[in-house]
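Visitor:
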Amino acid sequence: MEFSTLVDALGKRARHQPDKKAYTFLKDGEIETDTLNYQELEQLARAIAAQLQSFNASGQRALLLYQPGLEFIAAFFGCLYAGVIAVPVYPPRANQLMSRLLAIATDAEATFALTTTSVLANTQHWLLQNPELGQLHWLATDGINVDMAQSWDEPIVSSDTLAFLQYTSGSTGTPKGVMVSHGNLLSNCADLDLGWNHTPDSIIVTWLPTFHDMGLIYGVIEPLYKGCSCYMMPPVSFLHKPVRWLQAISIYKGTHSGAPNFAYDLCVRKITSEQKATLDLRSWQMALNGAEPVRADVLQRFAETFKPCGFDLTAFCPGYGLAEATLKVAAARQQDAPVFLQVDADALAQNRVMEARSDSQNVQTLVGCGRSEIDTEIAIVHPESFTKCQAAEVGEIWISGSTVAVGYWRKSQQTQETFQATLKDTDSRTFLRTGDLGFIKDGELFVTGRLKDAIIIEGRNHYPQDIELTVENSHPALRKSCTAAFAVEVKGREQLVVVQEVERSYLRRLDVNEVVGNIRQAVSVEHDIRIHTVVLVKTGTILKTSSGKIQRQACRQKFLNHTLDVLTSEKTQKLAVIL
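According to the working numbering, the residues represented by the sequence shown are 274 to 852, in order.
1) Mind checking who V636 pairs with in its DSSP beta bridge?
2) Assuming D433 and G456 are in contact, meaning their beta carbons sit under 8 Å apart, how far apart are those beta carbons, in whole angstroms?
3) Quick check on the DSSP output: the beta strand (DSSP E) that includes D380 runs from which residue to which?
4) From the DSSP output, in three-state form, read off W682 for me.
5) Kindly examine the ligand ZN and report whether one of its heavy atoms sits closer than 7 Å to the Cβ of D301.
6) Alpha carbon to alpha carbon, how far is P507 from V744?
7) How many angstroms separate the CA atom of A295 from the CA atom of K499?
8) For the candidate residues Q408, E565, K293, I522, whose alpha-carbon lies nearest to that of L375?
9) Here's the rule: buried if 16 or more other CB atoms are within 10 angstroms of the residue's CB, otherwise exposed. What is G356?
10) Taking its Cβ as the centre, do 16 or more other Cβ atoms sit within 10 Å of A598, making it buried, or is it exposed?
11) Are there 16 or more other CB atoms within 10 angstroms of the CB of D838, so buried, or fewer, so exposed?
12) Would you kindly check if the distance between the Cβ of A596 and the Cβ of Q439 is under 8 Å?
13) With a threshold of 6 Å on Cβ separation, who are the neighbours of G680 within its own chain once the five nearest residues in sequence on each side are excluded?
14) Taking only three categories from DSSP, how would you classify H455?
15) Look at E666 and V626 and say whether their C-beta atoms are less than 8 Å apart.
16) Would you report the Cα separation of L724 and V567, rounded to the nearest angstrom?
17) Count the C-beta pairs between the stretch 304 to 321 and the stretch 411 to 424 that are closer than 8 Å, then say yes if the count reaches three, no if not.
18) Excluding the 5 residues preceding and the 5 following R517 in the sequence, name in chain order all residues of the same chain whose CB lies nearer than 7 Å to its CB.
19) For I477, is the classification buried or exposed, using 16 other Cβ atoms within 10 angstroms of its Cβ as the cut-off for buried?
20) Can you check the stretch 381 to 467 for any beta strand (DSSP E) of at least 3 residues that lies completely inside it and give the ranges in chain order?
21) From I246 to C503, what does the alpha carbon distance come to, in whole angstroms?
22) Which residues share a DSSP beta bridge with A591?
23) So for C755, helix, strand or coil by DSSP?
24) Determine the contact status of T389 and D426, defining contact as a CB-CB distance below 8 Å.
25) Please report the Cβ distance between R793 and V807, rounded to the nearest whole angstrom; I am assuming they are in contact, meaning their Cβ atoms lie under 8 Å.
26) Among the candidates Q402, L309, L299, I417, whose CA atom is the shortest distance from the CA of A322?
27) Please report the distance separating the alpha-carbon of D698 from that of V772.
28) If the criterion is Cβ atoms closer than 8 Å, does the pair I672 and V720 meet it?
29) How is the beta strand (DSSP E) around L309 delimited, first residue to last?
30) Is the separation between the beta-carbon of A750 and that of Y779 shorter than 8 Å?
31) Taking just the CA atoms, how far does L337 sit from V280?
32) Determine the DSSP secondary structure at K725, reduced to helix, strand or coil.
33) Could you tell me which of F276, Q340, G531, Y593 sits nearest to L393, measuring between CA atoms?
34) Opposite H805 in the DSSP bridges: which residues?
35) According to DSSP, is V789 part of a helix, a strand, or is it coil?
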């Protein structure tokens, strides 16, 4: 079945497969509380769209502020059915997130805010404190009578019509809304489908937040594109009890499910032997690992840990993507085993790719992120000269193709700089500059780090995520995935700073000297680099985006401003900043 837009896709599913169960919501990750088939979803979408059309909302931007649940899906398609540009944003949980919501609402020039009756009832206090948000037209979509669907007028939409704005992770003062069209989404869904062999009988299981590209596109749009079923749970249900994710895959015979690298590591560390004995993961054919650096040791530990449950290492499909490319740039195919490449770490620090030899002293294992299945062209480019790198060189990843988004919402200069780059002495084809570093070997994309986050000390490149992994594994008192490594200038020289959270259970019995000594030794041994400053901070204070990524630049700024929540050990009364 071919589609011209997502409106066309849902309409055809509703006509040809009206009773097909599309989405099921699992409250607390365990209890089925809500389901939608395609006919029900289209009726809800038409009703919401008709309400929006009654306010002449076509072409306007609407914030979508929903707790996890199927109401978000109905509202998202309601916007598409009304020709309204959706702007998914998570409802603020506390005042510290208000600045992001305000910045996005202002940048998008939103005129509507869609939510549920329960969320709307809890917004009055911060609407009074933030009159800019109070000026929006607020609409509780779960209170709209489904009979409104009869008043719906089909909008004029095409593949070039904008479907939604995806605000990039960490956007606050100067947010950037990626303009994603219907055509971008359909191309990306085709890419995902070809690589991962979905069928109408596939079962997708997801806990990823729907206000981010991976959760929205793979958890909501891809099931519609292929006509398969999806089981969804709140992200917090997984985070509080990771076994719920694997239990859902086991119970519903999930075939496709994905998550960032940290989630697989969390499962290994938190799921007990007794819980593992209840799992049957033989149905799991495609386990996407994306959205953050993919670690070979995590893949191997997860596969080994859950092998008795029927999970196989070959199910892993590492991938690479970003919002500016809609979602996927490249990913391993379902039928292929993940590719591990051992390289000389010293050569990699010099932007050279050299496979490790048996006598290599410093070896790093990289994980391949596969390839594209459609028209996506990937180029590895010198970021300063705009010329292509040689095969054995690390450079910036540039991409071109139908999944590359339109640009940033009303930011022409940043759109030109990021989306319209051209190679020197070549034709006029434009590329998206990803800001990520990597190389291609035997057609496989390998991602090595971020261009802007790369730490360059004494002429050598150090990738912060590698240092962060070493730090968090150096002592049991240190929280996993709660480390920020970055460089600062000291007397004209770049120096390494590490900011690290401490586990709550260690706060009252922390041996600061032991912990910091372990950190320094581990980084010195594994990376041949001296840490200038170690900062231990309180549990839950490391700066992250709403999708869980470390905000290194923001942490760096707080370090320079002396505004980090530095930990003082009660036992030693010694400030945990070691210079």
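Where is the CB? At the ideal position from N, CA and C, for every residue including glycine.
Guide: Per the coordinate set shown:
1) Answer is D617, bridged to V636.
2) With 8 Å as the limit, D433 and G456 qualify as a contact, their Cβ atoms being about 6 Å apart.
3) Careful: D380 lies outside any beta strand (DSSP E), inside the alpha helix (DSSP H) at 371 to 381.
4) Looking at W682 - three-state DSSP - the assignment turns out to be coil, as it is neither helix nor strand.
5) This structure does not include the ligand ZN; it has no bound ligands of any sort.
6) When rounded, the distance between both Cα atoms is 30 Å.
7) It is roughly 10 Å from the alpha-carbon of A295 to the alpha-carbon of K499.
8) Looking only at Q408, E565, K293, I522, the smallest Cα-Cα distance to L375 is reached by Q408.
9) Counting Cβ neighbours within 10 Å, G356 comes out buried, since at least 16 surround it.
10) Burial call: buried.
11) Answer is exposed; the Cβ neighbour count stays below 16.
12) One thing to note: Q439 has its Cβ within 8 Å of the Cβ of A596.
13) A distance below 6 Å between beta-carbons, with the five flanking residues on each side excluded, links G680 to the following residues of its chain, in chain order: M452, T688, F692.
14) Three-state result, H455: helix.
15) In this structure, E666 sits near V626, with a CB-CB distance shorter than 8 Å.
16) Distance between L724 and V567, taken at the CA atoms: about 17 Å.
17) Taking 8 Å as the limit for Cβ pairs, the verdict is that the stretch 411 to 424 does touch the stretch 304 to 321.
18) Contacts found: G302, E303, M506, S510, F511.
19) Burial call: buried.
20) List check, beta strand (DSSP E) in window: 385 to 388, 410 to 413, 435 to 440, 450 to 454.
21) No answer is possible for residue 246: the residues shown for the chain start at 274 and end at 852.
22) In the sequence as presented, Ala is not what sits at residue 591; that position holds Pro. Note: P591 sits in a beta bridge opposite N562.
23) Looking at C755 - three-state DSSP - the assignment turns out to be strand.
24) No, these two residues do not count as a Cβ contact at 8 Å.
25) 7 Å between Cβ atoms; contact.
26) Closest by alpha carbon: I417.
27) Whole-angstrom Cα-Cα distance: 43 Å.
28) It is not a contact, given that the beta carbons lie outside the stated cut-off.
29) For L309, the uninterrupted beta strand (DSSP E) segment begins and ends at 304 to 310.
30) Yes, Cβ-Cβ distance for A750 and Y779 is below 8 Å.
31) If I take the Cα positions, the gap works out to 18 Å.
32) K725 falls in the coil class under three-state DSSP.
33) Of the candidates F276, Q340, G531, Y593, Q340 places its Cα closest to the Cα of L393.
34) Bridge partners of H805: none, in fact.
35) DSSP, read as helix, strand or coil, puts V789 in helix.
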